[in-house]
């Protein structure tokens, strides 16, 4: 009887969790050392570092300041848009009761935020207060003013594609004599804001490209100055990842420090202009406080500046060192 030979099964031993944790800890320690070493090397050259950081900060501060201006204009315009209204003048023979019924019908439309009814007596009192013709109005035998409905519209209804058919529908109602639109300037204001947003986006794109070029050129010069050091490191067994990692952290530090300085510049600008903005608002009998960058805006600025620094450094390292290994 032939005995069957049992071939040993080649099974991989499961990786020890402790070994994986030690490798992860060693990998994190290498990144920490590279980050601190690159920062220390930058601090040992304060003048060159300051010039690069200042160039990055100025390029980032300009679109950031424009974003702050747009945010404040949007806030101020939101208050103005709430005052944009459509005045609907009813037929002369309609009284307040019929106007109230029409108000309930119009208030159900999705474009309308609120509807206020101005009676004939209220309209006459308002006209008397603003016209200065009180003596002449006292000579009238009856009130010639019609009932008026004051419509406050939602911001989405101010778009021309929505506003024009809505006004045509309201004006076609048999109870309506005519209407007066006070929201056209709000449409123009929204169009101007849209144009400014597009301009700021294009400017930010161009200046972001400038940040890439500044940081990339700085890293290129640093590579050239340390080429002998890199060659010696490769001879003693340093990997491409180890050599590249330090330059990537240098780019991240340049971008992050540039973003920090840009935030300080914009904050200083807001602080210097706050009193002038409040004084200008007081001339129009309004209270307005100039707002700076919010927490989300600051986080976006820091993250974007660091990412630009890493990307600029990556391009310079890949071009001048020819490295392609993973970090």
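In UniProt numbering, the protein residues as written are 1 to 327. Positions of the beta carbon are idealized from the N, C-alpha and C atoms, including for glycine. Here the structure is a predicted model, which means the values were calculated and not measured.
Residues bridged to residue i [DSSP beta-bridge criterion]
i: residue 86; result: 151 and 181
i: residue 114; result: 152
i: residue 176; result: 90
Nearest neighbour of residue i, chosen from the options [CA to CA]
i: residue 34; options: 278, 257, 245 and 293; result: 245
i: residue 115; options: 87, 91, 208 and 293; result: 87
i: residue 294; options: 67, 94, 224 and 148; result: 67
i: residue 91; options: 47, 49 and 145; result: 145
i: residue 197; options: 104, 73 and 162; result: 73
i: residue 190; options: 71, 93 and 56; result: 71
i: residue 188; options: 296, 56 and 159; result: 159
i: residue 213; options: 42, 48 and 55; result: 55
i: residue 153; options: 85, 177 and 122; result: 85
i: residue 48; options: 199, 217 and 193; result: 217
i: residue 302; options: 260, 265 and 110; result: 260
Separation of residue j from residue i, as counted between CA atoms
i: residue 69; j: residue 37; result: 39 angstroms
i: residue 272; j: residue 52; result: 26 angstroms
i: residue 175; j: residue 181; result: 17 angstroms
i: residue 262; j: residue 220; result: 24 angstroms
i: residue 326; j: residue 317; result: Below a pLDDT of 50, predicted positions are generally treated as unreliable, and residue 326, at 40, falls in that range; no measurement from the model is reported.
i: residue 365; j: residue 45; result: Residue numbering for the chain in the displayed model covers 1 to 327; residue 365 lies beyond these limits and cannot be assessed.
i: residue 332; j: residue 203; result: Examination of residue 332 is not possible in this model, given that the chain is present from 1 through 327 alone.
i: residue 169; j: residue 283; result: 39 angstroms
i: residue 165; j: residue 95; result: 27 angstroms
i: residue 112; j: residue 161; result: 15 angstroms
i: residue 61; j: residue 299; result: 14 angstroms
i: residue 315; j: residue 269; result: 33 angstroms
i: residue 58; j: residue 208; result: 11 angstroms
i: residue 311; j: residue 108; result: 53 angstroms
i: residue 274; j: residue 267; result: 10 angstroms
i: residue 255; j: residue 195; result: 29 angstroms
Beta-carbon separation (whole angstroms), residue i vs residue j, contact threshold 8 angstroms
i: residue 292; j: residue 215; result: That pair is no contact at about 26 angstroms.
i: residue 99; j: residue 117; result: 5 angstroms
i: residue 277; j: residue 290; result: 4 angstroms
i: residue 179; j: residue 167; result: 7 angstroms
i: residue 253; j: residue 39; result: 5 angstroms
(request) For the region 240 to 318, list the alpha helix (DSSP H) runs that are entirely contained and at least 4 residues long, ordered along the chain. (result) Scanning the region 240 to 318 from its first residue to its last, the whole alpha helix (DSSP H) runs of 4-plus residues come out as 240 to 283.
(request) List in chain order: all unbroken beta strand (DSSP E) runs of 3+ residues lying wholly within the region 42 to 69. (result) For the region 42 to 69, not a single whole beta strand (DSSP E) run of length 3 or above is found.
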